[in-house]
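Engineer: Remember, my numbering sits 4 above the position in the sequence shown when you count from 1. The structure that follows is given in the form of structure tokens.
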Amino acid sequence: MKKTLLSLAMLIAAALVLSSTAAAQSETFSDPNVDYTFVLPDAKWRKTVTPSPTNPNVEYVYGDRVFGRFEVRKIKAPQSEMLADVVRDEDQKLQFLMGYAPGKQENFNGKLRGVIYNFEFVKGGRPMVGRFYFLRDGDVVYVLRFEGRKDSLNSIQNQTDSIARTFAIKSKAK
């Protein structure tokens, strides 16, 4: 009985250590050159492009570019323009990718609302996928563009969803 209780206590302690380690691995992105923030849930995400006053885009990769690439783009789109029209405009640009196959759209709710657009394509003879989150804030649509090998990106979809759910606009000081 004592061994069982000791084993159970050790198991609980190990679980607490692992959960606190996992929580410590998340990182919040914020930069003075952009008006948004988000949380990266895994230390494997590393920044490859830092925003600057002349190039406001940010880019991360998940270990290696082929396993997962993430960038944020900002599109001016008046609130009167339907989000479906913004997605269609982006889709027209994607049609030039080799082996492009459009996927489905899904509604998305996080700190900002929007839609997710999924698609497939081929790069270097390998099946790839794209998962773009179109998040609206007034007259601006932020596009969180995730691309990677089909098996890799699908396996970290919970992370792409988490990043999009935590994407927020910085409060403007008055």
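We put the CB at the ideal spot given by N, CA and C, even for glycine. What you are looking at is a predicted structure, and each value in this text was computed from that prediction instead of being measured.
Once DSSP output is grouped into helix, strand and coil, what is the label at F88?
Structural biologist: This sequence places Ala at residue 88; Phe is not what is there. The answer is helix: DSSP assigns A88 an H, G or I state.
Engineer: Considering only C-alpha positions, which residue in the set R153, K80, K108, P106 is nearest to Y146?
Structural biologist: Ranking the options by Cα distance to Y146, first place goes to K80.
Engineer: Tell me A105's beta-bridge partners as DSSP assigns them.
Structural biologist: E124.
Engineer: Taking CB distances under 8 Å as the criterion, tell me whether E85 reaches chain B.
Structural biologist: The structure shown has no chain B; it contains just one protein chain.
Engineer: Does the structure place the region 80-91 close enough to the region 58-67 that three or more beta carbon pairs sit under 8 Å?
Structural biologist: With a cut-off of 8 Å, the region 80-91 and the region 58-67 do not count as touching, because too few Cβ pairs lie within range.
Engineer: Could you spell out the range, first to last residue, of the alpha helix (DSSP H) harbouring T170?
Structural biologist: Per DSSP, T170 belongs to the alpha helix (DSSP H) from 161-170.
Engineer: Assess, as a yes-or-no matter, whether the region 46-61 is touched by the region 118-129 under the definition of 3 or more beta carbon pairs within less than 8 Å.
Structural biologist: Judged by Cβ distances under 8 Å, the region 118-129 makes no contact with the region 46-61, as fewer than three pairs qualify.
Engineer: Return yes when the Cβ of T170 is within less than 8 Å of the Cβ of G114, no when it is not.
Structural biologist: Going by C-beta atoms, G114 is nearer than 8 Å to T170.
Engineer: For F136, which beta-bridge partners are listed by DSSP?
Structural biologist: Per DSSP, Y121, R149.
Engineer: Tell me the DSSP bridge mates of R69?
Structural biologist: Beta-bridge pairing links R69 to no other residue.
Engineer: Please classify T164 as buried or exposed, where buried requires at least 16 neighbouring CB atoms within 10 angstroms.
Structural biologist: So T164 counts as buried.
Engineer: Put S34 into one of helix, strand or coil per three-state DSSP.
Structural biologist: Looking at S34 - three-state DSSP - the assignment turns out to be strand.
Engineer: Buried or exposed, going by whether 16 or more other CB atoms sit within 10 Å of the CB of A128?
Structural biologist: For the sequence presented, residue 128 should be read as Gly rather than Ala. The residue is exposed, with fewer than 16 neighbouring Cβ atoms inside 10 Å.
Engineer: Just confirm the distance between the C-beta atoms of L136 and R149, as a whole number of angstroms; I'd bet it's less than 8 Å.
Structural biologist: According to the sequence displayed, residue 136 carries Phe and not Leu. Sure, about 5 Å apart at Cβ, within 8 Å.
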